[in-house]
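Here the structure comes first, spelled out in structure tokens, and everything after it is commentary.
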Amino acid sequence: MANTAGPGGATPEQLSIVDRIVAEFSTSRGALIPMLQQVQAEIGYLPYAIMERIAERSGVPPARIFGVASFYSQFRFEPVGLHIIRVCEGTACHVQGAVDIVEAICDEFGVAEGGTTEDGKFTVEPVACLGCCSLAPVIMIDEDTFGRLTPEQARDIVRNYGTARDEGGAKA
Amino acid sequence: MPDRSTSSKVTIGLSSCGVAAGAAQVYEAFRREFDERGLSTPLRRTGCIGMCYREPLVDVDTEGLGRVTYGGVTTEQVARIVEEHIIGGKPVEEFAVRMEGKRLEDEAYYDRQVRLVLRNAGLIDPESIDEYIEAGGYQGLTKALTEMTPEEIVETMKESGLRGRGGAGFPTGVKWDLARQQPGDVKYVIVNADEGDPGAFMDRSVLEGDPHSVLEGLTIAAYAIGASEGYIYARAEYPLAVRRLKMAIADSQERGFLGDDILGSGFSFRVSVKEGAGAFVCGEETALIASIEGQRGMPRLRPPFPAAKGLWGKPTNINNVETYANVPWIITNGAAAYAAYGTETSKGTKVFALTGKIVRGGLVEVPMGITLRDVIFEVGGGIPDGRKFKAVQLGGPSGGCVPEEHIDIKIDYESVTKTGAIMGSGGMVVMDDRTCMVDIARFFLQFTQDESCGKCTFCRVGTKRMLEILDRITSGEGREGDIERLEELGKQIVSSSLCGLGQSAPNPVLTTIRYFRDEYEAHVYEKRCPALVCKPLLTYEIDPDKCIGCTLCVRACPVGAVSGERKGPHVIDTELCTKCDACRKACKFEAVIVS
């Protein structure tokens with residue numbers, strides 16, 4: 006990953022967020038994961054400079070912080086889109102055609118699985134299971150869940166989600 | 015006409031899947047309707063009612079009429095239900111899926127079910143401790159703390175025959191006893207709520223629908239083994255469950271069921287929720303402990319077992335959500351009442367998430383000893399669209415596929431294990447003749463490969479090699495000897511991995527080879543996918559005799575692979591075709607042939 010050399014890659018606001026969160030968790034045991042979760046919840050992702058700052062303030066070695074952050078799929082090192090489209094790839098969804106749903110959505114935006122649209126509006130993220138198996142196949146956009154989808158419906162939903170986005174993303 | 019508006023109460027299932035199906039909008043529609051008509055009918059929320067295939071579900075309970083459940087409710091139907099049923103006193107039978115006093119078709123879904131774990135799910139408001147108490151909640155804890163010694167509780171758990179519902183099936187009472195007998199003042203209890211099997215949502219439904227039952231079970235366990243601190247390790251993907259758990263903890267603390275000197279017994283206990291960060295391997299108990307400690311969630315060698323050396327090196331008891339939810343019922347009703355259900359070696363009930371190619375999919379709780387066939391065909395109503403049953407997958411990525419020849423086995427730990435599958439945590443995914451078993455095996459292996467923590471070489475590299483072979487087979491490049499190589503590698507991974515993930519990762523592949531070897535052979539030697547799933551092995555053609563040239567398929571094709579004159583037969587360019595199936599779905603004359 007790119008080393009943005011110290012706090013240079015983070016804004017002063019972000020650094021003060023980190024400092025506040027580290028202070029909040031300073032007394033509790035096993036706090037590293039909740040601390041990283043909180044930082045990510047407020048900043049959106051975990052850039053290198055932010056992890057370095059956490060290390061500096063908490064006294065936890067940077068290698069351990071990066072080791073933990075890279076182990077769990079929840080932590081991201083890249084910014085994500087404004088909306089996250091979670092496409093369920095659980096067993097029930099797989100059996101009911103989730104592969105076609107993923108293809109349709111990726112094709113609609115012209116991105117690969119896990120990718121973010123160029124305008125930064127959407128990130129398409131496959132997930133292991135959303136636990137709504139009887140509504141398979143399912144996708145979740147931010148907090149809204151959509152079930153019993155066909156690829157065409159999935160396309161329509163992502164196309165019309167939020168404000169209408171320009172037509173540029175879709176391939177012929 | 016008498017005004018019955020206050021003699022009814024309306025309850026709406028607002029669990030994650032209900033909400034996904036539109037239950038929140040239905041709830042709002044009822045609220046609006048009541049406001050506009052000035053009705054004071056109570057409007058309540060509940061967790062998973064269980065008939066997931068009928069979501070959104072609305073219960074209308076009327077004095078004198080009993081309970082009527084409406085299924086697949088749309089906002090448009092709300093006005094009629096209010097008008098005719100709540101005001102008029104006459105249920106709208108055409109929307110009803112279940113009626114007290116009248117047998118509707120869906121009643122078959124409940125005939126064989128015994129709801130002990132799900133005793134409150136779909137009945138009480140999960141955010142109301144009062145409703146939980148009214149339903150008999152915290153009686154088990156009260157009994158445990160005021161009438162029983164820790165030894166008696168452990169003894170009761172042993173007699174009940176309850177075995178760990180997370181999948182491995184270790185006797186719960188024995189586990190508690192091991193932790194109880196450890197020396198030391200500091201001990202921990204943990205709820206494993208890291209339900210990670212794709213295709214399983216039992217624990218989510220219990221946590222969302224009846225969080226207090228888990229909390230009560232945990233507190234009883236803490237008292238029995240002498241722990242004063244507990245953790246609930248919940249999957250991060252379950253935000254609603256986490257929210258309700260936190261609320262339940264705060265409420266029970268306020269009522270004195272948690273905290274210092276619980277119910278005046280001198281026993282003190284505190285619970286906190288830890289949110290997972292997305293790692294399937296953390297369902298393994300030593301990995302879960304590492305994760306709570308803030309480490310990478312990697313399993314370690316056992317022994318020492320957590321009962322001796324667990325969280326922060328102290329004696330620790332870990333059970334999963336369903337196991338704990340059983341505890342208050344067992345303490346309240348006695349071990350014998352629980353052991354009255356089930357078989358010689360597997361007592362009580364098991365909750366299954368019945369999904370896939372099934373008519374009535376949802377959350378079902380059945381007594382141990384029922385046959386797989388009864389669950390699938392009687393409870394679940396069989397396979398939709400007149401298709402043929404092919405196999406049922408039990409135990410998720412650690413489990414296996416059970417074919418038709420074995421579906422008359424009784425569900426208990428030993429019988430299921432004999433088929434090569436495992437009881438697992440309760441995922442039950444039904445597959446029909448359109449499901450490719452090689453593709454399913456590849457699907458699970460891709461999952462475990464991705465989730466392998468990397469500690470053991472056989473799991474890390476072995477699953478990767480297996481996945482490469484399966485990728486090859488499903489893309490039409492299978493080689494002679496591939497099936498045997500999969501078997502060989504699978505056996506080695508099973509015997510050379512440290513934890514349950516690696517030891518069970520090859521199961522889906524090994525069981526499908528065992529029962530569906532011919533399907534593997536068709537892929538490898540004939541480059542053919544009999545279930546017509548593996549796209550690289552398919553070709554799309556148009557039958558010129560059936561095609562009337564309506565151009566529907568031309569318009570449906572996203573890549574312009576279909577051509578032809580209007581009213582003349584069309585042709586598919588196999589070079590351009592991406593096998594997306596859009597043309598076949600669009601065709602009204604079954605002219606698109608897949609082979």
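So the protein lines, in turn, are chains A and B. In my numbering, each residue's number is its place in the first sequence (first place is 1) plus 5. In my numbering, each residue's number is its place in the second sequence (first place is 1) plus 14. In this text, a Cβ means the ideal position worked out from N, Cα and C, and glycines have one as well. Since this is a predicted model, take the numbers as computed values, not measurements.
Identification of chain A residues near B:Ala250 by a Cβ-Cβ cut-off of 7 Å yields Gln79, ordered along the chain. Pairing B:Pro411 with B:Ser518 gives a Cβ-Cβ distance under 9 Å. Across the structure, B:Met382 and B:Ser439 are spaced so that their CA atoms are roughly 14 Å apart.
For B:Lys599, the uninterrupted alpha helix (DSSP H) segment begins and ends at Ala596 to Ala600. Assigned with DSSP and collapsed to three states, B:Ser227 falls in helix. Straight across, the Cα-Cα distance linking A:Arg34 with B:Glu268 is about 25 Å.
Contact with chain A is found for B:Gln407, since one of that chain's Cβ atoms lies less than 9 Å from the residue's Cβ. A direct Cα-Cα distance of roughly 48 Å separates A:Val107 from B:Asp191. For B:Met113, the enclosing beta strand (DSSP E) covers residues Ala110 to Met113. Neighbours of A:Val116 in chain B, taken as residues at a C-beta separation under 7 Å, are lacking, since the least C-beta distance is about 16 Å. For a cut-off of 8 Å, the C-beta gap from A:Thr96 to B:Gly213 is around 3 Å, short enough to register as a contact. Rounded to whole angstroms, the Cβ separation of B:Ile26 and B:Tyr41 is 5 Å, and the two are in contact under 8 Å. The DSSP assignment places complete alpha helix (DSSP H) segments of no fewer than 4 residues inside the region 88-170 of chain B at 89-94, 122-125, 143-148 and 153-161, in order along the chain. Pairing B:Thr488 with B:Phe215, the inter-Cα distance amounts to about 29 Å. Sequence-ordered contacts of the region 397-423 of chain B with chain A read Gln407 and Gly410 [C-beta pairs closer than 8 Å]. Take B:Thr55, set aside five residues on each side of it, and the residues of its chain with a beta-carbon closer than 7 Å to its own are Ser19, Thr20, Ser22, Lys23, Val24, Phe48 and Ile100, in chain order.
Considering only beta carbons, the part of the region 121-136 of chain A lying closer than 9 Å to chain B consists of Val132, Ala133, Cys134, Leu135 and Gly136, in chain order. Sequence-distant partners of A:Gln43 (beyond 5 residues in either direction) whose C-beta falls short of 6 Å from its own C-beta, in its chain, are Ile26. Taking a cut-off of 8 Å on C-beta distances, the region 468-486 of chain B touches the region 507-523 of chain B, as three or more cross pairs fall below it. Residue-level contact by beta carbon fails for B:Pro313 and chain A, as no gap is shorter than 9 Å. By DSSP's assignment, B:Val203 forms a beta bridge with B:Gly244 and B:Asn331. Just measuring C-alpha positions, the residue of B:Val220, B:Thr449, B:Val475 and B:Arg448 sitting nearest B:Gln460 is B:Val475.
The closest CA to that of B:Val365, considering only B:Val380, B:Asn331 and B:Phe319, is found on B:Val380. Per DSSP, B:Phe461 is one residue of the alpha helix (DSSP H) stretching across Met451 to Glu465.
Of all residues in the region 84-95 of chain A, the ones placed with a Cβ closer than 9 Å to any Cβ belonging to chain B are Arg91, Cys93, Glu94 and Gly95, in chain order. Going by C-alpha positions, B:Gly356 is about 11 Å away from B:Tyr427. The beta carbon of B:Asn347 sits closer than 7 Å to no other beta carbon from its chain once the five residues preceding and following it are set aside.
Taking the CA atoms as reference points, B:Lys157 sits about 43 Å from B:Ser511.
If you draw a 10 Å sphere on the C-beta of B:Thr526, you find 16 or more other C-beta atoms in it, and that means buried. Using a Cβ distance threshold of 9 Å, B:Ala122 and B:Asn134 do not count as a contacting pair. Ranked by Cα distance from B:Glu230, the options B:Thr433, B:Lys593 and B:Ile345 are led by B:Ile345.
Residue pairing of B:Ala367 in beta bridges, as defined by DSSP: B:Leu377 and B:Gly441.
The beta carbons of B:Arg528 and B:Gly434 sit about 6 Å from each other, so the pair counts as a contact at 8 Å.
If you ignore the 5 residues before and after A:Cys137, its C-beta comes within less than 7 Å of the C-beta of Val143, Thr150 and Gly152, all in its own chain and listed in chain order. Residue-level contact check: A:Ser31 does not touch chain B, since none of the beta carbons of chain B fall below 9 Å from its beta carbon.
Secondary structure of B:Asp274 (DSSP, three-state): coil.
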